Amino acid sequence: MTLNDADNYHWIEEWDGSRERTTKSLSGWAHPGMAVTENQRIVTCDSGESKILVFSLEGELEYSWLGDFTDAHGISIVKEDGEEVLWIADNGSKRTSEHSYEYPPGADQNSGRVFKCRFGGEELLELPFPDHDAYSQTRYAPTSVVVDDAADGGTGDVWVADGYGASLVHRFSKEGIYIQTIDGLEGAGRFDCPHGIIIDNRKTAPELYVADRANSRVQVYDLNGEFIRSFGSQFLNTPSGFSVYQDLMVVAELDSKLTILDKDDQFIEYLFMDEEAP
Numbered sequence: 223m224t225l226n227d228a229d230n231y232h233w234i235e236e237w238d239g240s241r242e243r244t245t246k247s248l249s250g251w252a253h254p255g256m257a258v259t260e261n262q263r264i265v266t267c268d269s270g271e272s273k274i275l276v277f278s279l280e281g282e283l284e285y286s287w288l289g290d291f292t293d294a295h296g297i298s299i300v301k302e303d304g305e306e307v308l309w310i311a312d313n314g315s316k317r318t319s320e321h322s323y324e325y326p327p328g329a330d331q332n333s334g335r336v337f338k339c340r341f342g343g344e345e346l347l348e349l350p351f352p353d354h355d356a357y358s359q360t361r362y363a364p365t366s367v368v369v370d371d372a373a374d375g376g377t378g379d380v381w382v383a384d385g386y387g388a389s390l391v392h393r394f395s396k397e398g399i400y401i402q403t404i405d406g407l408e409g410a411g412r413f414d415c416p417h418g419i420i421i422d423n424r425k426t427a428p429e430l431y432v433a434d435r436a437n438s439r440v441q442v443y444d445l446n447g448e449f450i451r452s453f454g455s456q457f458l459n460t461p462s463g464f465s466v467y468q469d470l471m472v473v474a475e476l477d478s479k480l481t482i483l484d485k486d487d488q489f490i491e492y493l494f495m496d497e498e499a500p
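Next comes the structure, spelled out in structure tokens:
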């Protein structure tokens, strides 16, 4: 789907239709994140293989590489010293066709990782395991990663949502030093699957949006981890991820729809809502 300046959308049915897929790719679970480069290339992960894919806007595969990860569930792009680099949140496990597209046995014990790499795959930095007591009882399964981009005047701090593990959001310095954790109790209540995060720069001060999916809401923080507000319980069901388009916020929901919000978090409309979707 593409949006134009008139806020009209166009559905592209055969996007990525020309790529040859392996048997493993065809049988995979499509669960990865997506990000867009400065020159309008779309970056995502193969549904069955540990492979990063780079597409043109028209859906032509331009290049790819294999990586040392299980699933690139969250992908972000930032620019450092004139070079775009990738941040990848690997949740540590993947649904497979061998197990009827459920997680394989033991998956709930597999911790993931978050790392930075160049286009082509060279790893530059891996974040440490968060220093938090919750991980004595559960795995670390990060689902989203965003950076307070220095190109936008930010600090370079890295925020990680552990949506499939301890339901926490962690903050690290640009050097990879653990700084703090937020859990929702500072605000509207304990997170339950904080699946996606984004730093929103539409207002005077940047804000961290947290998709508190199982609680059907979004919690908003400043970039020091101080709670600001919560919204969405009246019109969100399963908020899972975000994208900003001009002054609009697009919220991707698990139950097969996009929810469009204005700059003040007010509901505008749903796109592609399908009440019969599984």
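Residue numbers (our numbering): 223 to 500.
Cβ atoms here follow ideal geometry from the backbone N, Cα and C, with glycine treated the same way.
Predicted model only: the values in this text are computed from it and were never measured.
Query	Result
Beta-bridge partners of residue 323, as assigned by DSSP	In DSSP, residue 323 forms no bridge with anything.
Within 8 Å, strictly: CB atoms of residue 338 and residue 309	yes
Segment contact, 8 Å Cβ cut-off, at least three pairs: the stretch 281–288 with the stretch 394–413	no
Residue 370 vs residue 377 beta-carbon contact at 8 Å	yes
Contact belief for residue 357 with residue 388 at Cβ below 8 Å, rounded distance in angstroms	6 Å
For residue 409 and residue 452, believed in contact at Cβ under 8 Å, the rounded distance	6 Å
DSSP beta-bridge partners of residue 481	473, 492
Whole-angstrom C-beta distance between residue 364 and residue 384, which should lie under 8 Å	5 Å
Proximity to residue 347 [Cα-Cα], best of 448, 398, 304, 298	398
Identity of the residue in 459, 316, 426, 423 nearest residue 440 by Cα	459
Cβ-Cβ distance between residue 479 and residue 467 below 8 Å	no
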